[in-house]
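Written out below as structure tokens is the structure these notes cover.
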Amino acid sequence: MEDSAAVAGLLWDRWLPANVRSLISEALPGGEGDARRLAVWLAGVHDIGKATPAFACQVDRLADVMRAHGLEMKTRRQFGPDRRLAPHGLAGQVLLAQWLEEQHGWTGRQSAQFAVVGGHHGVPPDHGQLKSLDDRPQLLRTAGASRGLWRQVQAELLEACAAEFGVRDRLAVWRAVKLPQPVQVLLSALVIVSDWIASNPDLFPYFPQAAHRTGAERVAAAWQGLRLPEPWRAQEPSEDVQESFGARFDLPPGAVVRPVQEAAVRLARTMSAPGLVVIEAPMGEGKTEAALAVAEVLAARSGAGGVFFALPTMATGNAMFPRLLHWLKRLPAEEGTRLSALLAHSKAALNDEYADLMRHSAQRIAAVEVDEEERPWRPADDQRIASAELVAHAWLRGRKKAMLSSFVAGTVDQLLFAGLKSRHLALRHLAVAGKVVVIDEAHAYDTYMSAYLDRVLSWLGAYRVPVVVLSATLPAGRRKQLAEAYAGARGGDGAGEFEVVARADAYPLLTAVPPGGTPVIECPQASARGTSVHLERLDDDFGVLADRLVTELEGGGCALVVRNTVNRVLETARVLRERFGDAAVTVAHSRFIDVDRAAKDAGLLARFGPPGKSAEERPRGPHVVVASQVAEQSLDVDFDLLVSDLCPVDLLLQRMGRLHRHRRGEGQSDRPRRLRTARCLVTGVDWAGRVPVPVRGSVAVYGAYGLLRSAAVLLEHFDGPRRPVRLPQDISPLVQGAYAEGPAGPADWAEAMEAALQRHEEHRKDQAERAGAFRLDEVGRPGRPLIGWVAAGVGDADDTRTGRAQVRDSEESLEVVVVQRRADGSLATVDWIAPDTAGLDLPQERPPAPAAARAAAACGLRLPSQFSYADVMDRAIAELEELYVPAWQVKDSHWLAGQLILALDADCQTRLAGFSLRYSPSDGLEVSRV
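Read in order, the letters of the sequence shown are residues 353 to 1282 in the numbering used here.
Now the structure itself:
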């Protein structure tokens, strides 16, 4: 009890960010003094439920000693299954509540909000559990003569804690307090973290190993051995925005901060309180840099101790992580400062940048001798870049603790999990409550994900967490929903104040909303850069496409063809290779093993990236990249010509962002003469009929309604004078038009549009209902206890295929590790990857060598949707489990333990669940029915 309380005090003093301490302190009459005392006391009493017969009976030898002192109890066998109705967390909550009510005159509702100890194993109790325990008082105190003695011992322990931790004289004052639910959650999380640290025998050795130490020495040794990095203490940059950007982002000589960036920083500095900032600006305007600059200002103003950068995919997370590290290394910090950083997704350990950080941060978590001289940290001269050391702290790398690192880049799922009723949800809330949260590509989330995002935003607003939302193309209605969710504008409250957000039609656009406040709009100018894109319909015929590309690329040039499904990517590539040859056609989609996907992205960036980075490798002759939606995000690539399947207009604009993205010579004179005008050919549609008919695959992905609305708003750019799409001027009008309510398109489209709308509304309703099943409730009123807070939840939430399916409207998918089976039956890593990792032995009688195991794990592959149907998935899992290797399921084989292994033959083929699978480094995975 003393260890946990002492750890809680140290966490409060040295680890909790200032904004978290402030939020808790404001809820108590004695401010921070009361808040610290309350946190320490709760951590100290959190295990009081162990002083009960239901718990004490577990070790016969110790139970006999207690019986000898008059504390009678049944044996574990005599209690039977009833004992499970009194887990010590639940028992502790009941005992503490009873003591507060009986000894200090509290009501049941008042005591319940302070008894957060009931959730210290991850799930606050619900009313049913409390009722079941209330009906079985013998689990808390043995009936009969010893009942009074049990009560006396429990009361003595609680009285001693109240005196030791300085709350005895505060309990009468606290009786009138109504703790906000966010404060109850944060206190619960702090108790959990304190308990985990104090329960670590490497830090707090069991008796008698550390008997020679006093309690204070024991705690000091543990804290010194743990060496948790302290929170970031941001200071608002004193220099102007131009100087600040130059210092943080290595601007090239002569580069000028863009108007959007400057306005965003100014708004962050002047808004009435740190809150939500929505940045809508064209692709390539430096929104990422603007977000980090705004985060620094908001952190300094709010006391936030870190940043979480949430991105839509693992690939975008991987791309962001080195940028985050680069920014961190350039932040000013005091000598010796250590900042914890994390890449948060299920395959983070395979990321080279993160793996290097973990290697350089190696630390054994154990108590040290307190009389040892603590050597001040000094970075090696040849590695020093800034005064802050970046570490991937070992204790903060656990599955449930990782998000507690100060700086995190990861998938948006990690944020959405904060809105999912799940075990240890309080830890996720503590993790985000102490940070500035940046949400990238906010337009990319459907109704299902948006339901979770809006609920999370409402809690972030209650925690007063600064949030930065980035989007190139955000519908006005969605912008309003985000602002209302964060501000806590429920029902009709303040509806008029938020109409200004929905009516704003300027572009670029900045929206700021303080927690519980009203929105402010700012309309900065776009940078001088701009592009006019000429649109043209193209019949959906592979031969027509090939003929057109032959004509367009006759003088050389690089074309990007974006298809809405992987099957269309592969079919298109086969046809184009017949015309252009294999070397002139590149394929990019999501069905590559991880290591090949990373190599594909790097290759595209090297050949088609910005001038100066790709000039040597940019193809001189004709070249066509055929890609799926992976080309929409994260890659800074630049093409001379774009061909795209029809898709929702905001996504089409994203694809256009890869067209003439950079200046290549005066007036694009370095591009082939025919391709100096930016053009986008829109296909994937039967354009011949009265109403355009998108191909079946596109409808399956996006729905007919979104595709028809997109076609409708693009009509003026296809027909008549064929006015080009002006970027960025036309971005907002096109997006608002596509997502507005009311009719769109010619009158003779009305019947098809109405039918598509009905299907669309039914789908959205279904998504919203399914999202609500496990979604966290809204923030309760102050004083409402956390009883039942995550009742009927999903258990653990994590970034696995099952976990992601909980916050995304997607079927559960199968992920496998791809290896090769040699002719003699032995297994090896695949033979086409880097020479130092290809063809490494994977022995089945023992764990593979670490290098071989990591190389194999880097060959992860998500199987396509054919394997998501329940009967096919069950059959596939059964067949994959035939290659179960017991020697790989051990602690020393963490790379491969628990993985499904897919073994390809020497020709890179196999069969699975009635399908034929063929893999190639050039085309990825192809699947066909046997």
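For every residue, glycine included, the Cβ atom is placed at its ideal position computed from N, Cα and C.
- Residue environment analysis places PRO583 among the buried positions, since at least 16 neighbouring C-beta atoms fall within 10 angstroms of its C-beta.
- In this structure, the straight-line span from the alpha carbon of VAL1001 to that of HIS795 is close to 11 Å.
- Apart from the 5 residues on each side of it in sequence, HIS941 sits with its Cβ closer than 7 Å to the Cβ of VAL918, VAL921, ALA979, SER980, VAL982 and GLY1276 in its chain, given in chain order.
- Below 8 Å, too few C-beta pairs join the segment 1106-1121 and the segment 892-906 to call them touching: fewer than three.
- Take the alpha-carbon of ALA803 and the one of ALA1120: they are about 7 Å apart.
- Across the set PRO1199, LEU1194, ALA1203 and ASP1176, the C-alpha of ALA1203 shows the shortest separation from the C-alpha of ASP1188.
- With the rule of 3 Cβ pairs closer than 8 Å, the segment 661-676 does not count as touching the segment 822-838.
- Across the structure, GLU508 and LEU492 are spaced so that their CA atoms are roughly 15 Å apart.
- Going by beta carbons, GLN450 and LEU1138 fall outside the 8 Å limit.
- If you draw a straight line from the Cα of ALA406 to the Cα of VAL469, it is about 17 Å long.
- Relative to VAL1182, the option among ARG949, ALA1175 and VAL1170 whose CA is nearest is VAL1170.
- Its chain contains LEU452 and ARG527 as the residues whose beta carbon lies nearer than 7 Å to that of TRP458, once the 5 sequence neighbours on both sides are disregarded; these appear in chain order.
- DSSP places ASP1193 within a strand segment (E or B) once states are collapsed to three.
- The Cβ atoms of LEU650 and VAL545 do not sit closer than 8 Å to each other.
- Counting along the chain, the unbroken beta strand (DSSP E) around SER823 starts and ends at 819-823.
- Burial state of ARG1010 is buried, judged by a 10 Å Cβ sphere holding 16 or more other Cβ atoms.
- Taking C-beta atoms as the reference points, LEU1079 and GLY1036 fail to come closer than 8 Å.
- With contacts defined as CB atoms closer than 8 Å, ASP547 and HIS398 qualify as a contacting pair.
- Judged by DSSP in its simplified three-state form, ARG1061 adopts helix.
- In the DSSP annotation of this structure, LEU805 is not part of any beta strand (DSSP E); the continuous alpha helix (DSSP H) holding it starts and ends at 799-815.
- The three-state reading of DSSP puts ILE873 in strand, counting E and B together.
- Annotation: VAL475 to HIS776 spans about 6 Å, alpha carbon to alpha carbon.
- Excluding residues up to 5 positions away in sequence, ASP953, LEU956 and LEU957 lie with their Cβ nearer than 7 Å to the Cβ of LEU987 in the same chain.
- The closest CA to that of THR763, considering only GLU984, ASN670, HIS886 and LEU603, is found on ASN670.
- Under DSSP, GLU632 forms a beta bridge with SER823 and LEU861.
- In the three-state reduction of the DSSP assignment, GLY909 falls in the strand class.
- Residue state for ARG889 is assigned as strand, using DSSP reduced to three classes.
- A distance below 8 Å between beta-carbons, with the five flanking residues on each side excluded, links GLY396 to the following residues of its chain, in chain order: MET353, GLU354, SER356, ALA357, ALA360, CYS513, GLU516 and PHE517.
- GLN985 carries a coil assignment under DSSP once its states are collapsed to helix, strand and coil.
- When C-beta atoms of the segment 633-653 are compared with those of the segment 817-832, three or more pairs fall below 8 Å, so the two segments count as touching.
- Using a C-beta cut-off of 8 Å, the segment 1225-1239 makes contact with the segment 1193-1202, since at least three inter-stretch Cβ pairs fall below that distance.
- By the neighbour-count definition (other C-beta atoms within 10 Å, threshold 16), ALA415 is a buried residue.
- In this structure, SER757 is the residue among GLY638, SER757, ALA620 and ARG618 with its C-alpha nearest to the C-alpha of GLY658.
- With contacts defined as CB atoms closer than 8 Å, PHE759 and LEU691 qualify as a contacting pair.
- Look at PHE597 here: in three-state DSSP terms it is helix.
- In this structure, DSSP gives GLN1261 an extended state, which the three-state scheme calls strand.
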